[in-house]
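Residue numbers (the numbering used here): 10 to 244. Glycine is no exception: its CB is placed at the ideal position from the N, C-alpha and C atoms. This one's a predicted model, so the numbers in the text were calculated from it and none came from an experiment.
Set out below in structure tokens:
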């Protein structure tokens, strides 16, 4: 079985459409877009799927948009697995596991239709918590990489080294402006809402330990929250 067949059903949750004689035009639109997503392999495919739900503001349509952006950015099942395995590995690599996981979730391609910010909004409107979690972390990861400047390490590169991303975190932690800290803090608040609700499987994980500490230290001050989170992620 190919990896595409394995990971896409995990990324795009079943839409649970009941195709009957009363099927609506919207049902057919979503069904066709879902089939498109299932077969998509690259940015061009993802753009076609994205276009198929133009004008549709249902949660299912936003689920298609959210998924299409991850495909366009080159995400694969192995990439997701690598990211979340790092969170489970602890500190065995000598690098903060949350920082290492974030490195695998950066949007490295400059695609105006598929930015991390747009993807986060679409994923939130899909109502699927697992995708909101994923997109929130991609938003945080990508913001840090883009803010520091220079070429963004691409996790799809065979020579990718997550320590390159750690350097970006360290730079922002040491020399970030208050406005940059505010942005990090704002995303951290969203990430806390997505990951650390009571009963979450991440509740006792590294990610919630960091987010809980950042929010507790910063109180309601987004800059202080961002500063604390960056300090915790610093190598």
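If you check the CB distance, residue 181 and residue 114 do not come in under 9 Å. For residue 75, the CB contacts under 7 Å within the same chain, skipping 5 residues up- and downstream, are 128, 131, 132, 135, 140, 144 in chain order.
A Cβ-Cβ separation of about 27 Å leaves residue 208 out of contact with residue 235 under the 8 Å criterion. Here residue 115 carries a coil assignment [DSSP, helix/strand/coil]. In this structure, the straight-line span from the alpha carbon of residue 220 to that of residue 105 is close to 14 Å.
Bounds of the alpha helix (DSSP H) holding residue 61 are 52–61. Judged by beta-carbon spacing, residue 165 lies within the 9 Å limit of residue 83, meaning their Cβ atoms are closer than that value.
Remark: C-beta atoms of residue 197 and residue 120 do not approach each other more closely than 9 Å. Taking the Cα positions, residue 146 is about 26 Å away from residue 63.
In this structure residue 189 touches residue 156 by the C-beta definition: roughly 6 Å separates them, less than 8 Å. The C-alpha of residue 57 is placed about 22 Å away from the C-alpha of residue 137.
For residue 137, the secondary structure class from DSSP, reduced to helix, strand or coil, is coil.
In this structure, residue 226 lies away from residue 218, with their beta-carbon atoms at least 9 Å apart. Between the C-alpha atoms of residue 232 and residue 77 there is a straight-line separation of about 32 Å. Approximately 6 Å separates the beta-carbon atoms of residue 177 and residue 153; this is inside 8 Å, confirming the contact. The C-alpha of residue 55 lies about 13 Å from the C-alpha of residue 85.
Within the stretch 184–232, the runs of alpha helix (DSSP H) at least 4 residues long that lie entirely inside it are, in chain order, 187–204, 215–227. A residue is called buried when at least 16 other Cβ atoms come within 10 angstroms of its Cβ; residue 142 meets this threshold and is buried. Residue 171 holds the alpha-carbon nearest to the alpha-carbon of residue 91 among 36, 69, 186, 171.
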